[in-house]
Amino acid sequence: MHDILSNSLPNFMHFENLGSYGSQLAIVLGIALFFGTLGGHFFQKLHVPQVVGYFIIGIIIGNSGLQLVQPEVIKTLNPISVIALAFIGFLVGGELKTDVIKKMGAQFVSTLLFEAIVPAIIVSVLVGIATYIFTGNIILSFCFGIILGAICSSTAPEATTNVLQEYRSRGPMTSIIYGLVAMDDAVALILFAIASTVAAPLLGGHATSFGMQMLAIAKTVFGSIGIGLLCGVILVFIIRKNMNSEGLVLSFTLGILLLCTGFCNIFGLNNILATMATGFFVTNFSPKSVKTIFPITNKFTPPVYVLFFVVVGAKIDIWGMKPFMLILAALYIIGRTTGKAIGSWFGAFITKAPVTVQKYLKYCLLSQAGVAIGLSITSASVFGDIKINPEDTNTIGDYIVLIVTFTTFFAELIGPVFVKMGITKAGEAGMNVSEEDIKKNSKVKDVTWGTELICSEKSNSIVKENDKIAHILNSFESHHNQSFAVIDLQGNLIGTISLEHLKETLLIGEFADSLLAIDIMEKPVCTCPPELMLPDAYERFDEMNVDEMPIVDKDGKVLGMLEKFAVDHYIHSRIIELHRQLEKLG
194 MHDILSNSLP NFMHFENLGS YGSQLAIVLG IALFFGTLGG HFFQKLHVPQ
244 VVGYFIIGII IGNSGLQLVQ PEVIKTLNPI SVIALAFIGF LVGGELKTDV
294 IKKMGAQFVS TLLFEAIVPA IIVSVLVGIA TYIFTGNIIL SFCFGIILGA
344 ICSSTAPEAT TNVLQEYRSR GPMTSIIYGL VAMDDAVALI LFAIASTVAA
394 PLLGGHATSF GMQMLAIAKT VFGSIGIGLL CGVILVFIIR KNMNSEGLVL
444 SFTLGILLLC TGFCNIFGLN NILATMATGF FVTNFSPKSV KTIFPITNKF
494 TPPVYVLFFV VVGAKIDIWG MKPFMLILAA LYIIGRTTGK AIGSWFGAFI
544 TKAPVTVQKY LKYCLLSQAG VAIGLSITSA SVFGDIKINP EDTNTIGDYI
594 VLIVTFTTFF AELIGPVFVK MGITKAGEAG MNVSEEDIKK NSKVKDVTWG
644 TELICSEKSN SIVKENDKIA HILNSFESHH NQSFAVIDLQ GNLIGTISLE
694 HLKETLLIGE FADSLLAIDI MEKPVCTCPP ELMLPDAYER FDEMNVDEMP
744 IVDKDGKVLG MLEKFAVDHY IHSRIIELHR QLEKLG
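Take the sequence shown: its letters are residues 194 to 779, numbered as in my numbering.
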């Protein structure tokens with residue numbers, strides 16, 4: 194299958210190296226970014242998270258597809274992954290607020306332990322039994338099972354947090370998810386240390402003692418957090434007086450994150466955990482003005498995320514699986530999915546977490562990537578000399594790498610889809626919005642006052658030219674609108690009546706009873722269509738120096754009055770409604 198797909202392209206379209214002048218690098222990055230974005234946009238139109246599109250484009254152009262980008266070139270693109278993971282870690286850390294952690298402390302710890310340990314047990318049992326059926330070797334089967342069980346406990350933060358951000362998720366379940374993806378990799382490392390320590394002597398592999406592994410894990414965890422916190426202190430100190438310049442803030446932030454990542458690589462530490470610590474420090478221990486660093490940084494991340502997931506997809510080779518490995522991979526997927534569902538539910542249930550967390554958290558923990566693949570590669574080095582049977586050319590380590598790679602492919606395809614499903618069912622999608630977000634996503638026809646649409650041909654703000662002033666004043670007293678669109682007998686717009694006009698009318702006393710709408714109206718300064726976006730409506734208010742505009746559709750039909758105070762009220766009401774929904778979620 195490799196050859197069929199790769200031979201479909203002429204040789205000059207296979208990039209085996211990036212050359213020395215940068216032109217091929219520019220082309221490869223351009224292909225990844227352009228087609229990755231195109232794929233993401235296509236899948237978004239199908240109501241599927243964009244990250245799935247990025248991943249599939251990577252598979253198409255990489256090892257499993259057309260091999261437009263050769264393995265050596267993919268390796269040279271690894272710095273993109275480093276940069277992306279630095280941003281992901283920083284933004285995840287920014288969501289770990291101390292007040293939220295204190296509020297759900299027991300719930301978080303319980304859920305973390307059970308959602309990591311339960312799938313490890315189930316996968317260990319299923320894979321171990323299946324391996325014994327195929328090999329008849331109980332020791333090998335036991336060791337193979339516990340190693341894959343330990344690896345399966347991790348959850349990838351990359352795709353998960355990308356979906357949470359894409360769908361503006363906010364609420365108790367979202368807070369727990371951010372905490373889980375930040376910390377369950379540490380649980381996976383500990384489980385793997387235990388599993389490899391037990392398995393290595395039984396299989397004759399090369400592994401250090403359990404105590405030494407625990408010391409190495411402690412060094413990794415505390416060293417990474419220490420460097421991250423130090424970088425956070427430096428970053429806040431530098432930018433706190435420069436928050437008025439987005440370019441400066443973004444440059445300092447990117448510089449600190451890259452330095453943090455570089456030092457972690459030099460000292461063998463975890464760069465995701467370190468940048469999480471940086472984000473954690475900024476969000477919890479800096480002045481309020483500095484916290485706007487997160488939306489500023491978010492503006493820079495979309496192209497980095499596209500490149501990251503395209504490169505991840507390009508690395509995967511899905512054609513090297515044998516029937517035996519496919520069965521083990523299927524059991525791994527079933528056991529991991531079942532274990533995550535049972536473990537997350539039980540951990541949330543025994544600590545009385547909100548019902549939405551108990552019911553829907555299971556959908557949001559299926560993604561698997563970096564740490565799982567890293568541990569599989571470690572397994573390949575520890576158990577690289579041990580074969581399942583003498584005739585097989587592959588070692589246990591090779592099998593672990595292939596199974597984890599294949600299941601990662603599957604998990605990265607379905608994981609984001611299920612995250613979207615989970616946050617939607619929990620009612621948390623679309624809850625993390627600001628007034629600016631509501632403006633950007635709303636049109637004139639969406640504006641309401643309570644349950645009443647202001648854009649309607651039956652609007653109380655539409656009066657006829659021969660309506661008496663008394664009728665208009667009665668409407669003014671019983672409805673919210675403070676201005677009126679005046680139409681002739683054919684329904685055409687001929688003028689507007691403002692609050693100032695009504696005030697002047699009241700000053701002339703009883704004579705006002707004989708006046709009609711046509712007597713006090715004035716020619717409209719401007720109009721707006723119902724499809725106009727609210728930011729454009731506000732811009733038109735300012736440009737024309739008005740506080741109200743008649744709403745007129747493309748056929749000339751008058752549909753009411755758009756009033757600035759009514760639009761403000763609509764936006765504020767939406768924010769209050771979202772806050773109430775968040776309170777109900779817990």
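Ideal placement from N, C-alpha and C gives every residue a C-beta, glycine not left out.
Kindly confirm or deny that the stretch 324 to 331 and the stretch 603 to 613 touch, where touching means at least three C-beta pairs closer than 8 angstroms.
Contact annotation: the stretch 324 to 331 does not touch the stretch 603 to 613, with fewer than three C-beta pairs closer than 8 angstroms.
Counting pairs of Cβ atoms below 8 angstroms between the stretch 300 to 317 and the stretch 341 to 348, do you hit three or more?
Short answer: they touch.
Taking the alpha-carbon of residue 752 as reference, which of 742, 372 and 758 has the nearest alpha-carbon?
Residue 752 sits at position 559 when you count from the first residue of the sequence shown. The shortest C-alpha separation from residue 752 is found at 742.
Per DSSP, residue 678 is paired with what?
Position 485 of the sequence shown, counted from the start, is the residue given in the question as residue 678. In the DSSP output, where bridge partners are listed per residue, residue 678 has 655 and 689.
Cutting at 8 angstroms between CB atoms, please list the residues of its own chain near residue 657, excluding the five before and the five after it.
As a first step, residue 657 is located in the sequence shown; it is residue number 464 there, counting from the start. Setting aside the 5 residues that flank it on each side, residue 657 is surrounded in the same chain by 679, 680, 681, 682 and 710, each with a C-beta closer than 8 angstroms to its C-beta; the list follows chain order.
At which residue ranges does the stretch 448 to 485 contain complete alpha helix (DSSP H) runs of 4 or more residues, listed in the order of the chain?
Listed in chain order, the complete alpha helix (DSSP H) runs (minimum 4 residues) inside the stretch 448 to 485 are 464 to 477.
Of the choices 395, 566, 745 and 385, whose alpha-carbon is the least far from that of residue 409?
As a working note, residue 409 is residue 216 in the sequence shown. Comparing Cα-Cα distances from residue 409 to each of 395, 566, 745 and 385, the minimum goes to 385.
Here's the rule: buried if 16 or more other CB atoms are within 10 angstroms of the residue's CB, otherwise exposed. What is residue 600?
On the sequence shown, position 407 is the one that residue 600 refers to. A buried status is given to residue 600, since no fewer than 16 other beta-carbon atoms sit within 10 Å of its beta-carbon.
Going by beta-carbon coordinates alone, are residue 251 and residue 597 separated by less than 8 angstroms?
Locating residue 251 in the sequence shown gives position 58, where the first residue counts as 1. Locating residue 597 in the sequence shown gives position 404, where the first residue counts as 1. By the CB criterion at 8 angstroms, residue 251 and residue 597 fall outside the cutoff.
Where does residue 460 land, buried or exposed, given buried means 16+ other C-beta within 10 angstroms?
Position 267 of the sequence shown, counted from the first residue, corresponds to residue 460. In summary, residue 460 is exposed, with fewer than 16 beta-carbon neighbours lying within 10 Å of its beta-carbon over all protein chains present.
Terminal residues of the beta strand (DSSP E) in which residue 741 lies
Here the question's residue 741 lines up with position 548 in the sequence shown. Here the beta strand (DSSP E) through residue 741 covers 741 to 745.
Are the stretch 477 to 489 and the stretch 225 to 235 touching by the rule of at least three beta carbon pairs closer than 8 angstroms?
The stretch 477 to 489 makes no contact with the stretch 225 to 235; the number of CB pairs closer than 8 angstroms stays below 3.
Chain-order list of residues whose beta-carbon lies under 6 angstroms from that of residue 532 (same chain, five-residue window excluded):
Taking the sequence shown and counting its residues from 1, the one referred to as residue 532 is at position 339. If we look at residue 532 and ignore the five residues flanking it on each side, its Cβ neighbours are 311, 312 and 315.
For residue 641: DSSP bridge partner residues:
By 1-based counting over the sequence shown, the position of residue 641 is 448. Its beta-bridge partners are 646.
Counting beta carbon pairs with one atom in the stretch 354 to 364 and one in the stretch 240 to 258, are three or more of them shorter than 8 angstroms?
The way I'd put it, the stretch 240 to 258 does touch the stretch 354 to 364; three or more beta-carbon pairs between them come closer than 8 angstroms.
Checking the sheet assignment: what are the DSSP bridge partners for residue 783?
No answer is possible for residue 783: the residues shown for the chain start at 194 and end at 779.
Looking at C-alpha atoms only, which residue of 717, 668 and 662 is the closest neighbour of residue 652?
Counting from 1 along the sequence shown, the entry for residue 652 is found at position 459. Among 717, 668 and 662, the Cα nearest to that of residue 652 belongs to 668.
Among the residues of its own chain, which have a CB less than 7 angstroms from the CB of residue 764, if the five just before and after it don't count?
Here residue 764 refers to the residue found at position 571 of the sequence shown. Cβ neighbours of residue 764 beyond the five flanking positions: 628, 631 and 632.
Run the CB neighbour count on residue 707, radius 10 Å, all protein chains shown included, and call it buried at 16 or more, exposed below.
For the purposes of this step, residue 707 is taken as residue 514 along the sequence shown, with counting starting at 1. By the neighbour-count definition (other C-beta atoms within 10 Å, threshold 16), residue 707 is an exposed residue.
For residue 307 versus residue 540, is the C-beta distance shorter than 8 angstroms?
One-based indexing of the sequence shown puts residue 307 at position 114. One-based indexing of the sequence shown puts residue 540 at position 347. Going by C-beta atoms, residue 307 is nearer than 8 angstroms to residue 540.
For a quick check, are the C-beta atoms of residue 671 and residue 690 less than 8 angstroms apart?
Taking the first residue of the sequence shown as position 1, residue 671 is located at position 478. Taking the first residue of the sequence shown as position 1, residue 690 is located at position 497. In this structure, residue 671 sits away from residue 690, with a CB-CB distance that is not shorter than 8 angstroms.
Do residue 468 and residue 452 have their C-beta atoms within less than 8 angstroms of each other?
Here residue 468 refers to the residue found at position 275 when the sequence shown is read from its first residue. Here residue 452 refers to the residue found at position 259 when the sequence shown is read from its first residue. No; because the gap between Cβ atoms is not below 8 angstroms, this pair is not in contact.
For residue 715, the first and last residue of its enclosing alpha helix (DSSP H)
Position 522 of the sequence shown, counted from the start, is the residue given in the question as residue 715. First-last for residue 715: undefined, no H or E at that position.
What is the C-beta distance between residue 548 and residue 365, in whole angstroms, given that I count them as a contact (C-beta under 8 angstroms)?
Translated into the one-based positions of the sequence shown, residue 548 becomes position 355. Translated into the one-based positions of the sequence shown, residue 365 becomes position 172. Between residue 365 and residue 548 the Cβ distance is about 10 angstroms, and since that is not below 8 angstroms, they are no contact.
Can you say whether residue 438 is buried or exposed, counting buried as having 16 or more other CB atoms within 10 angstroms of its CB?
Counted from its first residue, the sequence shown places residue 438 at position 245. So residue 438 counts as exposed.
Nearest neighbour of residue 564, chosen from 465, 336 and 261 [CA to CA]:
Translated into the one-based positions of the sequence shown, residue 564 becomes position 371. Comparing alpha carbon positions, the residue from 465, 336 and 261 closest to residue 564 is 465.
Could you give the residue range of the beta strand (DSSP E) that holds residue 754?
Position 561 of the sequence shown, counted from the first residue, corresponds to residue 754. Boundaries of the beta strand (DSSP E) harbouring residue 754: 751 to 756, taken from the DSSP string.
First through last residue of the alpha helix (DSSP H) which encompasses residue 329
Sequence index remark: in the sequence shown, residue 329 carries index 136 (1-based). Neither: residue 329 is in no alpha helix (DSSP H) and is coded neither H nor E.
Would you mind sorting residue 379 into buried or exposed? The rule is 16 or more other CB atoms within 10 Å of its CB.
Here residue 379 refers to the residue found at position 186 of the sequence shown. Residue 379 should be labelled buried.
Three-state secondary structure (DSSP) of residue 777:
Position 584 of the sequence shown, counting from 1, holds the residue named residue 777. In this structure, residue 777 counts as helix in the three-state DSSP scheme.
Starting from residue 634, trace the alpha helix (DSSP H) both ways and give me its first and last residue.
Along the sequence shown, one-based indexing puts residue 634 at 441. Element bounds for residue 634: n/a, residue is neither H nor E.
To which residues of the same chain is residue 621 closer than 7 angstroms at the C-beta, ignoring the five residues directly before and after it?
As a working note, residue 621 is residue 428 in the sequence shown. Contacts found: 362, 363, 364, 366, 367 and 778.
To which residues of the same chain is residue 424 closer than 6 angstroms at the C-beta, ignoring the five residues directly before and after it?
Stepping through the sequence shown from its first residue, residue 424 is reached at position 231. Counting only Cβ-Cβ distances below 6 angstroms, and skipping sequence neighbours, we find 449, 453 and 471.
Between residue 370 and the rest of its own chain, which residues show a CB-CB distance below 6 angstroms, the 5 nearest in sequence each way excluded?
On the sequence shown, position 177 is the one that residue 370 refers to. These residues qualify, in order along the chain: 557.
How about residue 304 and residue 373: are their beta carbons less than 8 angstroms apart?
Your numbering for residue 304 matches position 111 in the sequence shown. Your numbering for residue 373 matches position 180 in the sequence shown. The answer is yes: Cβ separation under 8 angstroms.
Write down the C-beta distance between residue 443 and residue 490 rounded to the nearest angstrom, noting that I regard them as a contact closer than 8 angstroms.
Translated into positions along the sequence shown, residue 443 becomes position 250. Translated into positions along the sequence shown, residue 490 becomes position 297. Between residue 490 and residue 443 the Cβ distance is about 7 angstroms, and since that is below 8 angstroms, they are a contact.
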